[in-house]
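Novice: Chains as they are written, first to last, in the numbering used here: chain A, -16 to 58; chain B, -18 to 152.
Here it is: the structure, laid out below.
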């Protein structure tokens, strides 16, 4: 279970990333953020975001039209 | 902000990027603001230098317009296809306003951020915004009509940052 969930459904680039960053900023290191998005572009973007910022992508999966990511704040 | 370890102002070893913003139409305002906000979210120190037609993007009140004139690549989705606009039609008064309205509707419908929203995100994430002093004088803009938190500067101010930046873009 994630510490926090971000509903990014219906949002287009770059809003899911911006909202996620905003949420992560207020979380403690080690906490996890679940993001639910509908933008297919968010798959490569969240991967790139994690690689660049050093936050850890624990899970990235597709559930119908939804894309779900679980990111652990490590940076 | 308490826990700010992912960059932002003051992160001395962060990567940095500068963008020269020269265009202020609704469509051209997107690339600089999207890249600036995303880079800031990824821990990059960002500086935006607003000059010439990009300068009005710093005005408090924005009313951005787009024109199909001279832009054969601007095709809007309509009735299941993509329609461009012949230049002669684009010249008719009111067509720019209609095209702008249409694009703003699309932006809203598709969950794309407005420029106002992106600009606010840029301010919140400590993106440094520099208004070109020469353009302010040239086109008679007043700092009091612009959003807060911006700085004034010229080419040398830009160059000082650009020489140290990892990425420099001209849009």
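Beta carbons: idealized from backbone N, C-alpha and C, even for Gly.
Since the structure is predicted, the reported quantities are computational estimates derived from the model, not experimental observations.
For a cutoff of 7 Å on Cβ pairs, would you count residue 93 of chain B as touching chain A?
Specialist: It does; some Cβ of chain A falls within 7 Å.
Novice: When the distance is taken between beta carbons, is residue 131 of chain B closer than 7 Å to residue 110 of chain B?
Specialist: Yes, they are a contact pair.
Novice: Give me the subset of the segment 102 to 121 of chain B whose CB atoms are less than 7 Å from a CB atom of chain A, sorted by chain position.
Specialist: So the close ones are 102.
Novice: Does the distance from the C-beta atom of residue -2 of chain B to that of residue 47 of chain B stay below 7 Å?
Specialist: No, these two residues do not count as a Cβ contact at 7 Å.
Novice: At which residues does the beta strand (DSSP E) containing residue 8 of chain A begin and terminate?
Specialist: Element bounds for residue 8 of chain A: not the beta strand (DSSP E) but the alpha helix (DSSP H), -2 to 8.
Novice: With DSSP as the reference, identify every bridge partner of residue 49 of chain A, one or two as the case may be.
Specialist: Paired residues: A:46.
Novice: Measuring straight from C-alpha to C-alpha, what distance separates residue 140 of chain B and residue -10 of chain A?
Specialist: Taking the straight line from one Cα to the other gives about 40 Å.
Novice: At what residues does the alpha helix (DSSP H) containing residue 32 of chain B begin and finish?
Specialist: Careful: residue 32 of chain B lies outside any alpha helix (DSSP H) and carries neither H nor E.
Novice: Determine the contact status of residue 7 of chain B and residue 81 of chain B, defining contact as a CB-CB distance below 7 Å.
Specialist: Going by C-beta atoms, residue 7 of chain B is nearer than 7 Å to residue 81 of chain B.
Novice: Name the DSSP bridge partner or partners of residue -1 of chain B?
Specialist: Partner(s): B:28, B:149.
Novice: Hey, is the segment 54 to 62 of chain B in contact with the segment 14 to 30 of chain B, meaning 3+ C-beta pairs nearer than 8 Å?
Specialist: Short answer: they don't touch.
Novice: So residue 24 of chain A contacts chain B; which residues on that side make the cut at Cβ distance below 7 Å?
Specialist: What residue 24 of chain A touches in chain B: nothing, since even the nearest Cβ is about 12 Å away.
Novice: Would you call the segment 22 to 33 of chain A in contact with the segment -13 to 4 of chain A, where contact means no fewer than 3 C-beta pairs closer than 8 Å?
Specialist: Taking 8 Å as the limit for Cβ pairs, the verdict is that the segment -13 to 4 of chain A does touch the segment 22 to 33 of chain A.
Novice: Is residue 112 of chain B near residue 133 of chain B, with beta carbons less than 7 Å apart?
Specialist: Against a cut-off of 7 Å, the Cβ pair of residue 133 of chain B and residue 112 of chain B comes out as a contact.
Novice: Using a 10 Å radius around the Cβ and a threshold of 16 neighbouring Cβ atoms, would you call residue 50 of chain A buried or exposed?
Specialist: The residue is buried, with at least 16 neighbouring Cβ atoms inside 10 Å.
Novice: Of the residues A:-13, A:19, A:20, which one's Cα is nearest the Cα of residue 7 of chain A?
Specialist: Looking at the Cα atoms, A:-13 is the closest of the given residues.
Novice: Determine, for residue 15 of chain A, whether the minimum Cβ-Cβ distance to residues of chain B falls below 7 Å.
Specialist: Residue 15 of chain A does not count as touching chain B.
Novice: Does any CB atom of chain B fall closer than 7 Å to the CB of residue -5 of chain A?
Specialist: Closer than 7 Å: yes.
Novice: Check each residue of the segment 23 to 47 of chain B: if its Cβ is closer than 8 Å to any Cβ of chain A, include it; give the result in chain order.
Specialist: Listed in sequence order: 23, 24.
Novice: Which whole-angstrom value is the C-beta distance of residue 10 of chain A and residue 16 of chain A, which I expect to be below 8 Å?
Specialist: Indeed, because the Cβ distance is near 6 Å, the residues count as touching under 8 Å.
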